[in-house]
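Just so we're aligned, residue 5 is where the sequence shown starts under our numbering, counting upward by one. Here is the structure we will look at.
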Amino acid sequence: MAETKRRIYTVSRLNQEVQLALESGFGMVWLQGELSNFSKPASGHFYFSLKDSKSQIRCAMFRGNNRYLNFEPQSGDEVLVRGKLGLYAARGDFQLIVEHMEPAGAGQLQQKFEATKKKLQELGWFDQQAKQPLPELPQRIGVVTSATGAAIRDVLQVLARRSPQAEIIIYPTLVQGAQAAPNIVKAIQTAERRNEVDVLLLVRGGGSIEDLWAFNEEQVAKAVFDCKLPLVCGVGHEIDITIADLVADLRAPTPSAAAELATPDEQVMLQRVDSARRALQRLLQTQLNRQQNQLASLNARLEMRHPKRLLNERGQRTDELTQRLQQAMQTQTRASRIQIEHLSTRLHAHSPNQQLANLQTRLASSEMRLVNSMQKNLQQAKSRWQIVARALDTVSPLATLERGFAVVKHDDKVVSNASDLAPGDVISTQVARGTIVSKVERVATKSRDS
5 MAETKRRIYT VSRLNQEVQL ALESGFGMVW LQGELSNFSK PASGHFYFSL
55 KDSKSQIRCA MFRGNNRYLN FEPQSGDEVL VRGKLGLYAA RGDFQLIVEH
105 MEPAGAGQLQ QKFEATKKKL QELGWFDQQA KQPLPELPQR IGVVTSATGA
155 AIRDVLQVLA RRSPQAEIII YPTLVQGAQA APNIVKAIQT AERRNEVDVL
205 LLVRGGGSIE DLWAFNEEQV AKAVFDCKLP LVCGVGHEID ITIADLVADL
255 RAPTPSAAAE LATPDEQVML QRVDSARRAL QRLLQTQLNR QQNQLASLNA
305 RLEMRHPKRL LNERGQRTDE LTQRLQQAMQ TQTRASRIQI EHLSTRLHAH
355 SPNQQLANLQ TRLASSEMRL VNSMQKNLQQ AKSRWQIVAR ALDTVSPLAT
405 LERGFAVVKH DDKVVSNASD LAPGDVISTQ VARGTIVSKV ERVATKSRDS
């Protein structure tokens, strides 16, 4: 039987694959339990165990997530956490990486919040088409909040800076506790009944989910939804979201932001007024330019039809025709003068005197050509004679004698072979300058080949 192939892991690889399986297999989980062995080192991370009566699991919550907590967790606290299962590969420890933590009681409130949110969303209370637009420049601003809390001070400070001309009306109410919700409803209904403000602000400072719970009550949401006044809700900090925020015509992350969203900035309004003023000036200038152009056009049309202008145009036309007539007459005169000159030239060319002069000129020209031809022929003959003379001089015996040669004669016969002579013969030798007479003493013959 063949040996089964073994699959061998390293410890690191096994831990990595287990970690991957845990993270991808479970995803995000919610877990409730008691904090144990809670520690917070200098790094700012949280390390703890979460346990129940039978088991426990190691947990880590890194600084990037725990800085948003609104309570100080301690060992022994019952909490609800959300996180991903993982493995600390360096030690092989199974652990939970926590991203969110809240007290266990808050978890029940969160479930109630989600249930209310789902219900109201199905009723269409969060729909955008149900929301009212805010007035651009409110003259009276109502504020529903605690008269002694920090939120009202922040709101008044922002309104004094952004819209100092607006009148502020405060509708005081409880914003925390069991009686907060009906008090808030009453304050909203009072503002709506009096109808003395242009926009209403519902604000409260930050706190835990329990502190803000009045703004999650359905009765408060109904009062906000039924309010005929435009309503801006700014409850808690930026990360806090309540049911009232979702139902309101506009949600602001903080009370101060609610005051800013409900009022235009005075500087921005001044800039808008200045921009509108410049736009109006441009529009007026454009209209003025258009009217001026129209007036200029009408003046031009009037000028075109004025009798004086017509007389001026007729006079200018008369002057133009007169000038053209003068130019035509001058052109005709020049053409006639040129024709007369041409005819005169032709008549002069056919005159007997002119013909005699032409014949004399032709005779003189013929004589000159004849002389030139004779001179040319004589020059050519002289050149040919010189060439022949040089050729004759080249073959002349005298020319040969001039080069040092001699002619030997015996009995008036030219001697060309030494064997024709004998010792004692008298010979004459002709050179270039004279003749030499001599007697032969010895004859030396040489064959032609040697």
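Positions of the beta carbon are idealized from the N, C-alpha and C atoms, including for glycine.
Query raised in the report: Nearest to G96 by alpha carbon, out of D397, L18 and A195?
Result: Restricting attention to D397, L18 and A195, the CA atom closest to the CA of G96 is found in L18.
Query raised in the report: Would DSSP call P409 helix, strand or coil?
Result: In the sequence as displayed, the identity of residue 409 is Phe instead of Pro. F409 falls in the coil class under three-state DSSP.
Query - Separation of E76 from N70, as counted between CA atoms - result: It is roughly 10 Å from the alpha-carbon of N70 to the alpha-carbon of E76.
Report task. Just the C-alpha distance for K443 and D416, rounded to the nearest angstrom, thanks. Result -> Each residue's alpha carbon lies about 15 Å from the other.
Query raised in the report: In terms of DSSP beta bridges, what is I342 paired with?
Result: In DSSP, I342 forms no bridge with anything.
Report task. Put L298 into one of helix, strand or coil per three-state DSSP. Result -> Checking the displayed sequence, the identity of residue 298 turns out to be Gln instead of Leu. Reduced to three states, the DSSP call for Q298 is helix.
Query raised in the report: Around the Cβ of I391, are there at least 16 other Cβ atoms within 10 angstroms (buried) or fewer (exposed)?
Result: exposed
Query - Cβ pair count under 8 Å reaching 3, the region 211 to 224 against the region 155 to 168 - result: no
Requested in this report: Go ahead and pull the three-state DSSP assignment for T290.
Outcome: In the structure shown, T290 adopts helical secondary structure according to DSSP, grouped into three states.
Report task. Keeping to the same chain, check which residues put their C-beta closer than 6 Å to that of I440; ignore five residues upstream and five downstream. Result -> T433
Requested in this report: May I have the straight-line CA-CA distance separating A410 from E371, to the nearest angstrom?
Outcome: The C-alpha of A410 lies about 55 Å from the C-alpha of E371.
Query raised in the report: How long is the line joining the alpha carbons of K121 and I247, rounded to whole angstroms?
Result: 7 Å
Report task. Reducing DSSP to helix, strand and coil, say where V419 ends up. Result -> coil
Query raised in the report: Per DSSP, V435 forms a beta bridge with which residues?
Result: DSSP lists G438 as the beta-bridge partner residues of V435.
Query raised in the report: For V83, does the count of other Cβ atoms within 10 angstroms reach 16, so buried, or fall short, so exposed?
Result: buried
Query - Distance between A46 and V207 (C-alpha atoms, nearest Å) - result: 37 Å
Requested in this report: Leaving aside the five residues before and after S423 along the sequence, list all residues of the same chain whose C-beta is less than 6 Å from its C-beta, in chain order.
Outcome: Cβ neighbours of S423 beyond the five flanking positions: T449.
Report task. Count the other C-beta atoms from every protein chain shown that fall within 10 angstroms of the C-beta of G37, then say buried if there are 16 or more, exposed otherwise. Result -> buried
Query raised in the report: Taking all protein chains shown into account, do 16 or more other C-beta atoms lie within 10 angstroms of the C-beta of Y175, making it buried, or fewer, making it exposed?
Result: buried
Query raised in the report: Considering only C-alpha positions, which residue in the set W129, A119, Q183 and L205 is nearest to P139?
Result: L205
Query raised in the report: Should the region 246 to 264 be regarded as contacting the region 221 to 228, the criterion being three or more beta carbon pairs within less than 8 Å?
Result: Touching, per the Cβ criterion.
Query raised in the report: Curious, which full-length beta strand (DSSP E) runs of at least 3 residues does the region 201 to 233 contain?
Result: 203 to 208
Requested in this report: Might you give, ordered along the chain, the residues of its own chain that have their beta carbon closer than 7 Å to the beta carbon of R73, omitting 5 neighbours on each side?
Outcome: The sequence as given places Leu at residue 73; Arg does not occur at that position. Correct list, in chain order: M105.
Query raised in the report: Are E171 and I145 close, meaning C-beta to C-beta below 9 Å?
Result: yes
Report task. Please classify P234: is it buried, with 16 or more other beta-carbons within 10 angstroms of its beta-carbon, or exposed? Result -> buried
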